[in-house]
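Asker: I'd like to ask you about the structure that follows.
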Amino acid sequence: MTKARILIVEDELIVAEDLRTTLVSLGYDVVGIAGSGERAIELAEEKEPEIILMDIMLSGNLDGIATAGRIQTKHAIPVIYVTAYADEALIARAKMTEPFGYIVKPFNEREIQSNIEIALYRHKMEQEIKKRDAILLAIGSGIEWFLREFASCHSILPKKSDRTSNLPEYYPILESIGSAMNLYRIAVFHYETQDENAITMKEEWTSQGYSSLLDTPFIEKINPIRFGLGSQLPELKRGNAIKLNINDFESTIRDTFERYCFASMVVFEVQANEIPYGLIFFVDAEDRTWSSEELEAMRIATNIIGSAIGLSAKRN
1 MTKARILIVE DELIVAEDLR TTLVSLGYDV VGIAGSGERA IELAEEKEPE
51 IILMDIMLSG NLDGIATAGR IQTKHAIPVI YVTAYADEAL IARAKMTEPF
101 GYIVKPFNER EIQSNIEIAL YRHKMEQEIK KRDAILLAIG SGIEWFLREF
151 ASCHSILPKK SDRTSNLPEY YPILESIGSA MNLYRIAVFH YETQDENAIT
201 MKEEWTSQGY SSLLDTPFIE KINPIRFGLG SQLPELKRGN AIKLNINDFE
251 STIRDTFERY CFASMVVFEV QANEIPYGLI FFVDAEDRTW SSEELEAMRI
301 ATNIIGSAIG LSAKRN
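Residue numbers (our numbering): 1 to 316.
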């Protein structure tokens, strides 16, 4: 199990070193010690700790509460306050920063460990809930878009469009689901042959700062087998998700796709008007596991995109 990365913010060096020794003996990774609020803000940015043990009574321009508030404006890092005493006014201020616990000096190992483990678990659950809500919002936006487009397409009045972009009409769906899941890329491939042994990328969404694959020759007419999908094509036909890793790709294309941040992927087959259209790749740049909620969201997004492609084909 990976050690939790902890930042200590304490202006008394002896106390800080004692706390560091205790944490290391408990199996945690102390990524730094800050003796001031300003230094704590710098280390939080630089070291990206998973949790911060914060002396509530820091000396200097920023006390522990003000420091925690500054850090939390940029980073979702849980903070546990360490304090020898606190009056009601101080506690009221501390509550405004939504701390994940309090450790009272002089502390003991059991109290430290229990506070840290509870804080880490609570933070993980809160992040999962936020991700789930973001995914649901993205799906809801996609459904809303689809219904609006469907109503517009079937309206008696002619459709008025001010679209000037070359982006596909279903691009907002790709953008919403990609952002909600912290993906790096969503790529839509189209079958180029009736026997479906060649696919070409037609559309994509990429996270900000990542290069586009569109209009590059090596993503044209690729056999799906080269992605490691040979034995799994029947599963795709049944509407099931296929999870891939860059190591599943043939060596002849692996390096190229790795340069474009293909690491972990989930693949679905897209159908338009009940006819196989192609494949959609939900891509992350790092190895990761996929929750059941994420897979279901991808499935729904795939169905919406297939419907949007089908509507566009009828329209044209």
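Even for Gly, the Cβ is constructed at its ideal location relative to N, Cα and C.
Since we're looking at a predicted model, the values are computed, not measured.
Just the Cα atoms here: how many angstroms apart are I6 and S25?
Answerer: Within the sequence shown, numbered from 1, the residue matching residue 6 stands at position 6. Within the sequence shown, numbered from 1, the residue matching residue 25 stands at position 25. Roughly 13 Å between the two C-alpha positions.
Asker: What residues match up with N245 in a beta bridge as DSSP calls it?
Answerer: Looking up residue 245 in the sequence shown gives position 245. Its beta-bridge partners are S264.
Asker: Could you tell me which of I52, A16, D255 sits nearest to I71, measuring between CA atoms?
Answerer: Numbered from its first residue, the sequence shown carries residue 71 at position 71. Of the candidates I52, A16, D255, the one whose C-alpha sits nearest the C-alpha of I71 is I52.
Asker: Using 8 Å as the threshold, is the C-beta distance between T216 and Y184 below it?
Answerer: Position 216 of the sequence shown, counted from the start, is the residue given in the question as residue 216. Position 184 of the sequence shown, counted from the start, is the residue given in the question as residue 184. Not closer than 8 Å, so no.
Asker: Nearest CA to the CA of M201: which residue from L167, G64, P106, L279?
Answerer: Locating residue 201 in the sequence shown gives position 201, counting from the first residue. Selected option, being the one with the closest Cα: L279.
Asker: In the region 46–127, which residue ranges form an unbroken alpha helix (DSSP H) of at least 4 residues, counting only runs that do not cross its ends?
Answerer: 64–72, 88–96
Asker: Using 8 Å as the cut-off, can you tell me whether the region 110–126 makes contact with the region 44–64, which would need three or more C-beta pairs spanning the two stretches below that distance?
Answerer: yes
Asker: At the level of alpha carbons, what is the spacing between M57 and A66?
Answerer: For this step, residue 57 is matched to residue 57 along the sequence shown. For this step, residue 66 is matched to residue 66 along the sequence shown. One C-alpha to the other measures close to 10 Å.
Asker: For the 8 Å Cβ check, are there 3 or more pairs between the region 277–295 and the region 257–266?
Answerer: yes
Asker: CA-CA distance, L233 and F281?
Answerer: What you label residue 233 is simply residue 233 of the sequence shown in a count that begins at 1. What you label residue 281 is simply residue 281 of the sequence shown in a count that begins at 1. The alpha-carbon atoms of L233 and F281 are separated by roughly 14 Å.
Asker: If the criterion is Cβ atoms closer than 8 Å, does the pair A187 and L167 meet it?
Answerer: Against the sequence shown, residue 187 aligns to sequence position 187. Against the sequence shown, residue 167 aligns to sequence position 167. The answer is no: Cβ separation not under 8 Å.
Asker: I'd like the list of long-range same chain contacts for F257, defined as Cβ closer than 7 Å, with 5 residues on each side in sequence excluded.
Answerer: Taking the first residue of the sequence shown as 1, we reach residue 257 at position 257. Contacts found: I246, F249.
Asker: Which residue marks the beginning of the beta strand (DSSP E) containing F189, and which one marks its end?
Answerer: For the purposes of this step, residue 189 is identified with residue 189 of the sequence shown, where counting begins at 1. Taken as a continuous stretch (DSSP letters only), the beta strand (DSSP E) holding F189 covers 185–191.
Asker: With DSSP as the reference, label K130 as helix, strand or coil.
Answerer: Reading the sequence shown from its first residue, position 130 is the one you call residue 130. For K130, the three-state secondary structure derived from DSSP is helix.
Asker: Is it right to say D11 is buried, meaning 16 or more other beta carbons lie within 10 angstroms of its own, or is it exposed?
Answerer: If you number the sequence shown from 1, residue 11 lands on position 11. Here D11 is buried, its C-beta having at least 16 other C-beta atoms within 10 Å.
Asker: Between L174, S251, F227, which lies nearest to G306 when the distance is taken from Cα to Cα?
Answerer: The residue given as residue 306 occupies position 306 in the sequence shown. Closest option to G306, Cα to Cα, is L174.
Asker: Cutting at 7 Å between CB atoms, please list the residues of its own chain near E293, excluding the five before and the five after it.
Answerer: For the purposes of this step, residue 293 is taken as the residue at position 293 of the sequence shown. Taking C-beta separations shorter than 7 Å and ignoring five residues to either side along the sequence, the partners of E293 in its chain run R132, I135, following chain order.
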